[in-house]
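Reviewing the structure listed below.
Residue numbers (this note's numbering): 3 to 242.
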């Protein structure tokens, strides 16, 4: 159970869940995109001109009358090797688990965990040596043809899916604030030591994963549903 959540159990499950988001319609925040079109590549395909200089890539947000940048970074994500970094403004609209066969094969995992952001809430912070890699599931070619999957060409870590109107980002690449309560503590009920994370120290990548720190996943990143569950290859007994 997330320590900040107002959750509830559901039939056939003792697990706690994120509250129902079905009536929670979030407006697209003003992050300073003043270009055209309002949502780049919203028609899909490869017809968008200069797409790399538009959201969700290497674009420059507008500033307020006081000179303050309108894009307020709340989260950052990176590939495994750190060559590519993205900034995200605000919280995701939603989060889900996807069990479709495509996600299973492309991620090499039983299912995909993704959070949904507006395109204009995403921008590049770093793209060392232009290593962004694109794969179109429509053309089955390595190209920017929306919808497409975005990853790092060096370490091949997946970063997000670019859709026509939104970005489906992968929380495992995000850098969340640490939860100090998870570090060097004991279980109050059983008196058993909790794993400290000291063995996770990786000097080569400590700028991305600080030593001795676990990231605390925010409530807004907790999935509220499973999709394509009929294509599952394993049961997930969480009651959703």
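Heads up, the beta-carbon is just placed ideally off N, CA and C, and yes, glycines get one too.
Review point. If you run the structure through DSSP and keep just helix, strand and coil, what is residue 207?
Key: Since pLDDT at residue 207 reaches only 46, below the 50 mark, its modelled position is unreliable, and no value is offered.
**Study point:** Exposure label - residue 85; buried when at least 16 CB within 10 Å
**Key:** buried
Check your understanding: Which value, in whole angstroms, describes the spacing of the CA atoms of residue 37 and residue 114?
Key -> 32 Å
Practice item. State the start and end residues of the unbroken alpha helix (DSSP H) segment that holds residue 103. Key: 103–109
Practice item. Please name the residue, chosen from 153, 220, 137, 234, that lies closest to residue 47 on a Cα-to-Cα basis. Key: 137
Practice item. Report yes if the C-beta distance between residue 97 and residue 223 is below 7 Å; otherwise report no. Key: yes
Exercise for review: Excluding the 5 residues preceding and the 5 following residue 163 in the sequence, name in chain order all residues of the same chain whose CB lies nearer than 6 Å to its CB.
Suggested key: 151, 170
Point to revise | Proximal residues to residue 72 (C-beta, below 8 Å), its chain only, five neighbours per side dropped | key: 32, 33, 34, 63, 64, 65, 66
Check your understanding: Using the rule of at least 16 other Cβ atoms within 10 Å of the residue's Cβ for burial, across every protein chain shown, is residue 168 buried or exposed?
Key -> buried
Practice item. Output the residue ranges of the beta strand (DSSP E) runs that lie fully inside the segment 70–143 and measure 3 residues or longer, sorted by chain position. Key: 75–80, 86–91, 96–100, 114–120, 124–129, 134–138
**Study point:** residue 153 in three-state terms, based on DSSP
**Key:** strand
Practice item. Please confirm whether residue 95 and residue 166 have their CB atoms less than 7 Å apart. Key: no
Review point. By how many angstroms is the C-alpha of residue 93 removed from the C-alpha of residue 1?
Key: Residue 1 lies beyond the residue range present for the chain, which begins at 3 and ends at 242; the question has no answer from this structure.
Check your understanding: For residue 232, which of helix, strand or coil comes out of DSSP?
Key -> helix
Practice item. With DSSP collapsed to three states, give me the class of residue 160. Key: strand
Review point. Does residue 113 come within less than 7 Å of chain C when only Cβ atoms are used?
Key: No chain C appears in this structure, which consists of one protein chain only.
Review point. If you count every other CB in all the chains shown that lies within 10 Å of the CB of residue 140, and 16 or more means buried, which is it?
Key: exposed
Check your understanding: Along the chain, where does the beta strand (DSSP E) that runs through residue 169 open and close?
Key -> 168–171
Review point. Just the Cα atoms here: how many angstroms apart are residue 231 and residue 59?
Key: 32 Å
Review point. Pick from 155, 242, 160, 235: whose alpha carbon is nearest that of residue 103?
Key: 235
Point to revise | Beta-carbon contacts of residue 143 that lie in its chain and below 8 Å, excluding the five residues immediately before and after | key: 137
Check your understanding: If you check the beta carbons only, do residue 128 and residue 87 fall under 7 Å apart?
Key -> yes
Check your understanding: Taking the DSSP output, what are the residues bridged to residue 176?
Key -> 79
Review point. Who are the near neighbours of residue 219 in its chain, counting only those whose CB is closer than 7 Å to its CB and skipping five residues on each side?
Key: 173, 178
Point to revise | Distance between beta carbons of residue 154 and residue 227, contact taken as under 8 Å | key: With a Cβ gap of about 29 Å, residue 227 and residue 154 do not count as contacting.
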